[in-house]
Amino acid sequence: MASHVGAQDSDPDGIRAAELLEDGLDALSDRAEDSGRRLLNRVIDEYPGTAAASRAKRALAALERGELDPESRQRLKADEAERTSEYRHAFLLDVGDRVFFAENSAALGGRARSLIEQQARWLNVRPDLSIMVIGRADGEGNSKAARDLSLQRAQAVRDRLVAAGLPLNRIEIKAAGDLDQVAICDNALCRAQNRNAEVLINYWHVYSGWQAGAQHPGLANSTSGTASRQLRDSGDQISQ
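Residue numbers for the sequence shown follow our numbering, beginning at 169 and rising by one.
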């Protein structure tokens, strides 16, 4: 599969774009509109094509329409964080947020491919959501090797999501290497839990038309039964 290379491939760039975005939104919340505009425009100019740039454009458009008066900006930012958390929970219950890999491999097994296609379908009907794919490793080799492998795993999931129809500009990736361990243990099966790539709901875009009291499709339909199925399947996923 061809690799889709973009600004998302550079972890420092993605982190810096997100930091600038948050600084800009904070400035708007503090009524420093000129400073906030400058920071948001920097995100757009310096990190085009990223999810952070898309959010910055939405924020600036809302400002131009007069939808973000100084008194409401802090409340909107809090609403964004709350809704993002709710969508993360719904995504976990409805679909599942991670796939697993064989040792020293970034190849996607059949179960992983099927799950990623379900994730893409779920996300495609919720266009206000962007994601970060976080690749992890269980310490195979040295730290650099673990980071490289985790990046390949994140890229493999990202590419499969794009092939399933999810726009590339809604996806960022992060290589966590072996620094973000899910399970700290000596047992081989236990350590295998760290060979994964997680699809994390990164942002719910409060600036794309949401109004107080609006319905949020997908949240009410989450079921605990799906979560139970994911737990039952986890052993099979790890063994891919």
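No residue lacks a Cβ here, since even glycine has one placed at the ideal position from N, Cα and C.
Residue environment analysis places isoleucine 183 among the exposed positions, since fewer than 16 neighbouring C-beta atoms fall within 10 angstroms of its C-beta. Contact check for aspartate 346 against glycine 307 passes: the beta carbons are separated by less than 7 Å. Taking a cut-off of 8 Å on C-beta distances, the stretch 249-269 does not touch the stretch 209-218, as fewer than three cross pairs fall below it.
Annotation: glycine 204 to serine 273 spans about 43 Å, alpha carbon to alpha carbon. For isoleucine 339, the beta-bridge partners assigned by DSSP are Ile299. With fewer than 16 other beta carbons inside 10 angstroms of its own, asparagine 310 counts as exposed.
Sequence-distant Cβ neighbours of serine 318 in its own chain, meaning closer than 7 Å and more than five residues away, are Gly303, Arg304, Ala305, Ala343, Ala344, Gly345. Here phenylalanine 268 is not near arginine 321, since their CB atoms are 7 Å or more apart.
Comparing C-alpha distances from arginine 326 to each of Asp348, Asn364, Leu193 shows the shortest one belongs to Asn364. Shown here, phenylalanine 259 sits in a helix according to DSSP, grouped into three states. With distances taken between CA atoms, isoleucine 299 lies nearest to Ile341 out of Glu201, Leu261, Ile341. Nearest C-alpha to leucine 196 among Gly234, Gly277, Asp213: Gly234. It is roughly 36 Å from the alpha-carbon of leucine 291 to the alpha-carbon of aspartate 354. The beta carbon of isoleucine 212 lies closer than 7 Å to those of Ala221, Ala224, Lys225 in the same chain, with the five residues before and after it left out.
Residue burial annotation: leucine 336 is exposed, with fewer than 16 other C-beta atoms found within 10 angstroms of its C-beta. For aspartate 265, the number of other beta carbons within 10 angstroms of its own is at least 16, and it is reported as buried.
Taken through DSSP and simplified to helix, strand or coil, arginine 281 comes out as helix. Counting only residues of its own chain and dropping the five nearest sequence neighbours on each side, valine 263 has a CB closer than 6 Å to the CB of Gln286, Gln287, Trp290. A direct Cα-Cα distance of roughly 10 Å separates leucine 193 from glutamate 187.
In the three-state DSSP reduction, glutamate 366 falls in the strand class (E or B).
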